[in-house]
Amino acid sequence: PEAVRSSYQMLFFSRVEQPPAPVQEMVRDGYAQVLIRPGNEDLVALYNQARGFVFPSLYEGLGLPPLEAMKCGAPVIASNRGSVPEVVGDAAIVLDAQDDAALAQAIQRLIEDEGFHAAMQARGFARVEEFSWPKPADRVLDVYRSVLAQAAIGRQADTRVSL
């Protein structure tokens, strides 16, 4: 909607010098800007100022950018491709990134619905804690402890003497 376009600036991060044609059109029409390979400090500042973060990747590995955005308080809209849905869990709006209508509706909801925005922001903060170093490290230690305990039980069983 025009009210959204006039109130918010779309900002695209890109690794390539030549963004896709639809993005170029939005830049040409004055609705968007493109940053090519922004540095980490720039990303943190931008995430902190963002009303939301849209991650429509079709070919993503782990999907760290959504977690980075969540850590900075930006609610996330993410693609349903790759491991991204597993990474973001229920802390993001997950959709088909090629469904323009669904994407536009999700962006509009994040902008206009304060309660929803706050809820998604809170979910993001909670979700990113699942990926802080103590949590995965504790999980790995639990696995090791379990394996060692099972091995100890097995050794005890092997040391029995039969008559």
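The numbering used here numbers the first residue of the sequence shown as 589 and each following residue consecutively. We put the beta carbon where it would ideally sit given N, CA and C, even for glycine.
- Taken atom to atom, the span from the alpha-carbon of Ala679 to that of Arg669 is near 16 Å.
- In the structure shown, Val682 falls within a strand segment according to DSSP collapsed to helix, strand and coil.
- If you draw a straight line from the Cα of Phe600 to the Cα of Ala714, it comes to about 26 Å.
- Ile695 is positioned such that its CB atom lies no closer than 8 Å to that of Ile741.
- By alpha-carbon distance to Met708, the top candidate from Asp687, Glu605, Arg639 and Val622 is Arg639.
- The residue from Tyr647, Glu648 and Lys659 with its alpha-carbon nearest to that of Leu634 is Lys659.
- Comparing alpha carbon positions, the residue from Pro626, Pro608, Ser602 and Asp617 closest to Glu590 is Asp617.
- For Phe600, the three-state secondary structure derived from DSSP is strand.
- Under the three-state reduction of DSSP, Ala666 is assigned to strand.
- The beta carbons of Leu652 and Ser667 sit no closer together than 8 Å.
- Here DSSP, grouped into helix, strand and coil, assigns Ala638 to coil.
- Ranked by Cα distance from Asn628, the first of Glu613, Val622 and Ala657 is Ala657.
- Contact between Gln621 and Val615 is confirmed by a C-beta separation of about 7 Å, below the 8 Å threshold.
- Val622 is bridged by DSSP to Phe600.
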